[in-house]
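What follows is a single structure, written as C-alpha cells, with notes after it.
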C-alpha cells in the first residue's frame, strides 16, 4: 500500500530517475517514483541498452565477413533480422525487471500513471498507457517536500520529416521494427545516426547518411570525424555532408527524397527514412506552467544543483537540457538528492561528462576538442597514438583509429582526450578520472599501464605530446 506523502517524489524512472530514488532512500528519505510507461525509461526500453544489443549483433556479423583474417574457415553467417530484434527486446525486458527488483529492494513506492505538478507540493496522477498498449496506474494525488522531474526526452521531429512510424521513422521504430528495409536514408550524423547506420549496414541494408554540418559526428574533434568518415567509406556506408532534406514524397512504395546540397537540389530514392536529428525534452503536459516552473527552448531551467525557480521542484537529465546522456542524468540526480539531504556536494563540471558513440570503430571523448582549447586561449601540447602501433589492437584485428590527447603546455593539465577505435567507450574513464583529479601529463606517463592493453595508447599519446613517444 503506497503512502500519500513523501520526502522525495521522482517523476520518471530512466537511469536518472531510478538511481536518484535509490540514492534518496540511502540517505534516509521516504521516496516514491512515478512512471507512465515502463520502468527504466527510454534508455533501458527503447534507447541505450537495446541499441547496444543490436550493435553487438552487427559487430558479430562484421566478424563473420572476415573470419579468414583470424585463421578461421566458415561458410558464412546470415542475419535473421526479426531474431536480432527479438534478442534486443529480451535484453531490455531483463533490465526492466532489474529496475523493478531495485525498487522493491530499496523499499521505494512505484506509482504508475501520468504525473502532473499541481502546485503546493502536490502531484496528480492519472492512468496512462505503456508502450505495449497496457493501461497502467490509477487516479490519485500525492504530496512531497521535494519533487524531482526526470521525464526525459523524445526524438525531435522536423517539419520536413513528420514521423509516420512506417516510411519516416524515429529511433524508436528503428530498433523495434522486425522487417529490414533494403535501402535506408538516415538524416543526422550524430551518435544516434551513425550507430543505426552501422547496425543496418551490417544487417544488409544499403545505408546513406546525410548531415547538415560539414562533417559527420560534428561535436567531436575534427580528426575523429575524418577517421570515422574513412572507416564508413571503407565499409560501404555512404555519407553526405553539408546537406539537408528539403522534402519527401511518400505517395509511392519507393520514397523520393529531395536533398538540398551545396551544388543544388538532388533527388534520391529510398525505402525508408530515419530522422535522427536529436531530441527534445518532455516538458509538455506535466504541469510546469501551473506550478510556475521556467523553461527555455524546450528544457527546464535549473541551477548547478538542479533546482528550478520554484522551491521544492527540481529537474535532472534530458528534460533539463544537453548533453542528453544517461550518465549525466544519473550524476545530476545523485548530486541533487545529496544536496537536498544536506551533504557537502560539488556542482557538476560539464566538461568532465564523457561522450560515447557505439558504432565500430567506437568514439569516446571528454573535455575540450583541439579547436575549442585553442579558442579558450590555451597553449597546447597535442599527442596522437595510432592503434596500428598497438600490439593488443593488432592481435584483436582492430587496429583502426587512434587516441588523441590535449594538454595545457603551461601546467600539463589534461584538457581533452579523444578516442576512436575498438572499445573506445571502455577506455575513456581513465581520462575522465584524470580530469576530475586534475592529473598532469607527467602523472599519466608515470602511471604503469598494463601490457598488452588498448589503454596503453593513452600513455603513449601523452608521451607523444611531450616528444618522448616510444612505440611510434
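In the working numbering, the protein residues as written are 23 to 494.
For each residue, glycine too, the CB sits at the ideal point set by N, CA and C.
Owing to the predicted nature of the structure, the values given are computational and were not obtained by experimental measurement.
_Start-to-end residues for the alpha helix (DSSP H) that takes in residue 484_ = Taking the chain shown and counting its residues from 1, one reaches residue 484 at position 462. Run containing residue 484: 478 to 487, per the alpha helix (DSSP H) assignment.
*With a threshold of 16 other CB atoms inside 10 Å of the CB of residue 238, please say whether the residue is buried or exposed.*
Numbered from its first residue, the chain shown carries residue 238 at position 216. With 16 or more other Cβ atoms within 10 Å, it is buried.
*residue 316 and residue 141: beta carbons closer than 8 Å?*
Translated into the one-based positions of the chain shown, residue 316 becomes position 294. Translated into the one-based positions of the chain shown, residue 141 becomes position 119. Going by C-beta atoms, residue 316 is not nearer than 8 Å to residue 141.
*Name the residue from 304, 212, 75 whose alpha carbon lies nearest to the alpha carbon of residue 198.*
Stepping through the chain shown from its first residue, residue 198 is reached at position 176. Nearest option by C-alpha distance: 75.
*Spell out the partners DSSP gives residue 269 in its beta bridges.*
Counted from its first residue, the chain shown places residue 269 at position 247. Per DSSP, 280.
*Going by C-alpha distance, which of 461, 491, 240, 44 is nearest residue 132?*
Taking the chain shown and counting its residues from 1, one reaches residue 132 at position 110. The shortest Cα separation from residue 132 among 461, 491, 240, 44 belongs to 44.
_Among 40, 67, 184, 65, nearest to residue 54 - alpha-carbon criterion_ = As a working note, residue 54 is residue 32 in the chain shown. If we check each option's Cα against that of residue 54, 40 comes out closest.
*Residue nearest to residue 134 in terms of C-alpha spacing, selected from 180, 228, 296, 159*: Position 112 of the chain shown, counting from 1, holds the residue named residue 134. When each option's Cα is compared against that of residue 134, the closest is 159.
*What residues in its chain sit with their C-beta under 7 Å from that of residue 118, if we drop five residues either side in the sequence?*
What you label residue 118 is simply residue 96 of the chain shown in a count that begins at 1. Here the set comprises 60, 61, 62, 66, 67.
*Mind checking who residue 336 pairs with in its DSSP beta bridge?*
Residue numbering aside, residue 336 sits at position 314 when the chain shown is read from its first letter. 170, 329, per the DSSP bridge assignment.
*asked:* Distance check for residue 89 and residue 302, CA to CA, integer angstroms please.
replied: For the purposes of this step, residue 302 is identified with residue 280 of the chain shown, where counting begins at 1. For the purposes of this step, residue 89 is identified with residue 67 of the chain shown, where counting begins at 1. In a straight line, the C-alpha of residue 302 is about 42 Å away from that of residue 89.
*Looking at C-alpha atoms only, which residue of 285, 320, 258, 183 is the closest neighbour of residue 19?*
Nothing about residue 19 can be read from this structure; the chain reaches only from 23 to 494.
*Note down, in chain order, each residue of its chain lying with its Cβ closer than 6 Å to the Cβ of residue 440, except the 5 sequence neighbours on either side.*
Mapped onto the chain shown, residue 440 falls at position 418. If we look at residue 440 and ignore the five residues flanking it on each side, its Cβ neighbours are 243, 246, 387, 426.
*Alpha carbon to alpha carbon, how far is residue 232 from residue 253? Give it in angstroms, no decimals.*
Reading the chain shown from its first residue, position 231 is the one you call residue 253. Reading the chain shown from its first residue, position 210 is the one you call residue 232. In a straight line, the C-alpha of residue 253 is about 16 Å away from that of residue 232.
*Look at the alpha carbon of residue 208 and the alpha carbon of residue 321, and state the distance between them as a whole number of angstroms.*
Locating residue 208 in the chain shown gives position 186, where the first residue counts as 1. Locating residue 321 in the chain shown gives position 299, where the first residue counts as 1. Rounded to the nearest angstrom, the two C-alpha atoms are 26 Å apart.
*Hey, out of 438, 167, 268, 211, whose CA is closest to residue 372's CA?*
In the chain shown, residue 372 corresponds to position 350, counting from 1. Out of 438, 167, 268, 211, 438 has the C-alpha closest to the C-alpha of residue 372.
*asked:* I'd like the list of long-range same chain contacts for residue 248, defined as Cβ closer than 8 Å, with 5 residues on each side in sequence excluded.
replied: To locate residue 248, count along the chain shown from 1; it is residue 226. Correct list, in chain order: 237.
*Put residue 252 into one of helix, strand or coil per three-state DSSP.*
By 1-based counting over the chain shown, the position of residue 252 is 230. Looking at residue 252 - three-state DSSP - the assignment turns out to be helix.
*Measure the Cβ-Cβ separation of residue 358 and residue 336 and say whether it is below 8 Å.*
The residue given as residue 358 occupies position 336 in the chain shown. The residue given as residue 336 occupies position 314 in the chain shown. Contact: yes.
*Chain-order list of residues whose beta-carbon lies under 6 Å from that of residue 23 (same chain, five-residue window excluded)*: Translated into the one-based positions of the chain shown, residue 23 becomes position 1. Residue placement at residue 23 is flagged as unreliable, the pLDDT there being 49, under the threshold of 50; the coordinate-derived value follows with that caveat. Contacts found: none.
_Enclosing beta strand (DSSP E) for residue 341 [first to last residue]_ = As a first step, residue 341 is located in the chain shown; it is residue number 319 there, counting from the start. First-last for residue 341: undefined, no H or E at that position.
*Give the DSSP-derived three-state secondary structure of residue 464 in the structure shown.*
The count along the chain shown starts at 1 and reaches residue 464 at position 442. DSSP places residue 464 in helix when its eight states are reduced to three.
*Could you give the distance in angstroms between the alpha-carbon of residue 210 and the alpha-carbon of residue 50?*
Position 188 of the chain shown, counted from the start, is the residue given in the question as residue 210. Position 28 of the chain shown, counted from the start, is the residue given in the question as residue 50. Looking at the two C-alpha atoms, the distance is approximately 44 Å.
*Starting from the Cα of residue 276, find the closest Cα among 52, 190, 403 and give me that residue.*
Against the chain shown, residue 276 aligns to sequence position 254. Residue 276 has its Cα closest to that of 190, out of 52, 190, 403.
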